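In UniProt numbering, the protein residues as written are 1 to 402.
We treat Cβ as the ideally placed atom computed from N, Cα and C, and that holds for glycine.
Quantities reported herein were computed from a predicted structural model and do not represent experimental measurements.
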Amino acid sequence: MLLGASLVGLLLFSKLVLKLPWTQVGFSLLFLYLGSGGWRFVRVFVKTIRRDVFGGIVLLKVKAKVRRYLRERRTVPILFASTVQRHPDKTALIFEGTDTHWTFCQLDDYSSGVANFLQARGLASGDVVALLMENRNEFVGLWLGMAKLGVEAALINTNLRRNALRHCLTSSQARALIFGSEMAPAVLEICASLDPSVSLFCTGPWEASAVPAGTEHLDPLLEDAPKHLPSHPNKGFVDKLFYIYTSGTTGLPKAAIVVHSRYYRMAALVYYGFRMRPDDIVYDCLPLYHSAGNIVGVGQCLLHGMTVVIRKKFSASRFWDDCIKYNCTIVQYIGELCRYLLNQPPREAENRHRVRMALGNGLRQSIWTNFCSRFHIPQVAEFYGATECNCSLGNFDGQVRP
């Protein structure tokens with residue numbers, strides 16, 4: 001600010017008082033600028049111009065697509081349908097826990113079955129269904145099927161219990177709750193306080209005595225549901241897709257609204273900004289009830305045709321073995337996961353993987369270089385953002401200060 005004011009003052013004084021020609025004024029300003037440390041700006045400009053131009057191109061590209069999809073009233077299910085047409089028989093999702101592989105066509109059929117089943121049960125566009133289950137392929141198929149009908153999913157944190165869990169269900173005004181059988185004990189704790197009109201469905205291993213009375217086993221019902229694509233709901237790119245809840249560190253969890261355009265922007269900016277490829281395979285061990293796992297990770301599958309490997313929970317001891325088994329090229333991290341990996345004793349698997357990119361946020365500067373060199377990771381794709389915020393940052397050139 002002070003330098004700018006000085007330059008403006010010198011310009012006015014030279015022209016209005018001294019009446020010097022523009023050439024002399026220009027040289028005077030350049031001399032003052034360089035004498036005030038201006039070459040540092042020039043050096044920074046030269047070092048960052050390539051990155052900034054690339055970032056600008058990415059931003060303009062995504063903005064152009066967003067404007068187009070707004071005009072055409074696209075939604076995530078419509079964009080996913082285009083992906084299915086391009087890669088019908090390609091593997092879309094792999095669940096590490098059971099080694100279950102779903103092609104894009106299978107994911108499409110499963111989600112269409114979900115939409116038709118819910119429609120037959122009287123749910124319609126604008127209704128809310130809560131989803132409480134651990135990571136697996138069905139998690140993606142369920143909320144995607146809801147979106148095909150225009151039903152909004154409330155993605156519930158599986159660590160919540162009692163009051164916090166009850167609050168998330170009641171505040172979302174969910175008409176139904178779909179829960180994994182592993183979450184039955186948590187549902188039993190609150191079922192007496194739920195509105196009797198809320199329908200309960202359980203997916204996974206079935207034991208009638210282990211779930212609340214009146215709960216229906218969802219899996220056989222979906223098998224019998226029609227697999228044709230239901231009629232498109234009256235929704236567009238700025239309408240609600242689902243709800244993701246905050247962690248509740250300053251009170252009860254709060255629902256953050258994710259609209260279709262936001263889902264697309266978050267996934268697309270990462271895809272184009274970090275130069276991902278459709279043939280990449282993503283290792284996703286992050287919770288699918290949060291945006292990092294479900295948008296940044298799974299979004300690459302739904303929107304860009306990448307294969308995503310889903311793990312129920314992060315395991316430091318099995319991390320690199322999984323990457324080798326499934327030929328993963330991109331791994332997701334958040335917070336301290338990289339430090340946990342560094343704390344593991346060296347193993348041969350660290351040197352046999354094909355991972356070319358670590359994607360996430362929260363990698364500490366103090367371990368960045370060590371993480372890349374020990375595990376032979378060519379690129380760290382670090383970004384910063386939050387589901388409920390309106391801006392984000394990306395380290396597109398992968399540089400960290402020494």
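For S373, count neighbouring C-beta atoms within 10 Å of its own C-beta (all shown protein chains included) and say buried if the count is 16 or more, exposed if not. So S373 ends up on the exposed side.
Given a cut-off of 8 Å, decide if D284 and V308 are closer than it, judged by their beta-carbon atoms. In this structure, V308 sits near D284, with a CB-CB distance shorter than 8 Å.
Helix, strand or coil at A64 according to DSSP, with G and I counted as helix: Secondary structure of A64 (DSSP, three-state): helix.
Complete alpha helix (DSSP H) runs within the segment 295-342 (minimum length 4 residues, chain order): Runs found: 298-304, 319-325, 337-342.
Which residues in the same chain as G145 place their Cβ atom closer than 6 Å to its Cβ, once the five residues preceding and following it in sequence are excluded? Around G145: S111, V114, A115.
Quick check: what's the CA-CA separation for I377 versus I330? The alpha-carbon atoms of I377 and I330 are separated by roughly 10 Å.
Looking at F104 and K90, is the spacing between their C-beta atoms short of 8 Å? Cβ atoms of K90 and F104: closer than 8 Å.
For N370, I'd like the list of residues in its chain whose CB is within less than 8 Å of its CB, leaving aside the five on either flank, ordered along the chain. Cβ neighbours of N370 beyond the five flanking positions: L342.
Could you check where the beta strand (DSSP E) with A256 kicks off and where it finishes? Taken as a continuous stretch (DSSP letters only), the beta strand (DSSP E) holding A256 covers 255-259.
My parser needs the beta strand (DSSP E) runs of 3 or more residues fully inside the segment 167-213; what are they? If we require 3 residues or more, the beta strand (DSSP E) runs fully inside the segment 167-213 come out as 176-180, 199-203.
Mark Y271 as exposed unless 16 or more other C-beta atoms lie within 10 angstroms of its C-beta, in which case mark it buried. Here Y271 is buried, its C-beta having at least 16 other C-beta atoms within 10 Å.
How about S291 and T387: do their beta carbons lie closer than 8 Å? A contact, by the Cβ cut-off of 8 Å.
From the DSSP output, in three-state form, read off Y245 for me. Strand.
Among T98, T100, Q119, P77, nearest to K148 - alpha-carbon criterion: The option with the nearest alpha carbon to K148 is P77.
First and last residue of the alpha helix (DSSP H) that includes D108? Unbroken alpha helix (DSSP H) run through D108: 104-120.
Taking Cβ to Cβ, would you say F242 is nearer than 8 Å to R73? No, they are not a contact pair.
Using beta-carbon positions only, say whether L93 and V140 come within less than 8 Å of one another. Taking 8 Å as the cut-off, the beta carbon of L93 is found closer than this to the beta carbon of V140.
Would V83 pass as a contact of G273 if the rule is Cβ separation under 8 Å? Correcting the residue type first, residue 83 is Thr in the shown sequence and not Val. At a Cβ-Cβ threshold of 8 Å, T83 and G273 do not count as neighbours.
Sorted by chain position, which residues of the same chain lie with C-beta nearer than 6 Å to S181's C-beta, five sequence neighbours on each side aside? Non-local beta-carbon contacts of S181 in its own chain, meaning distances under 6 Å to residues more than five positions away in sequence, involve C202, G204, P205 in chain order.
Below 7 Å CB to CB, which residues in the same chain sit around N137 once its five sequence neighbours on both sides are set aside? So the qualifying residues of the chain are L93, F95, T100, W102, I310.
If distances are taken between C-alpha atoms only, which option among F117, L393, N157, L59 comes closest to K227? When only C-alpha atoms are compared, the closest one is F117.
Can you give me the C-alpha to C-alpha distance between V53 and L286, rounded to a whole angstrom? So the two alpha carbons sit approximately 32 Å from each other.
Closest to R275 by C-alpha separation, out of G394, F179, M133, would be which residue? Nearest option by C-alpha distance: G394.
Can you give me the C-alpha to C-alpha distance between A256 and I244, rounded to a whole angstrom? Here the C-alpha atom of A256 lies approximately 5 Å from the C-alpha atom of I244.
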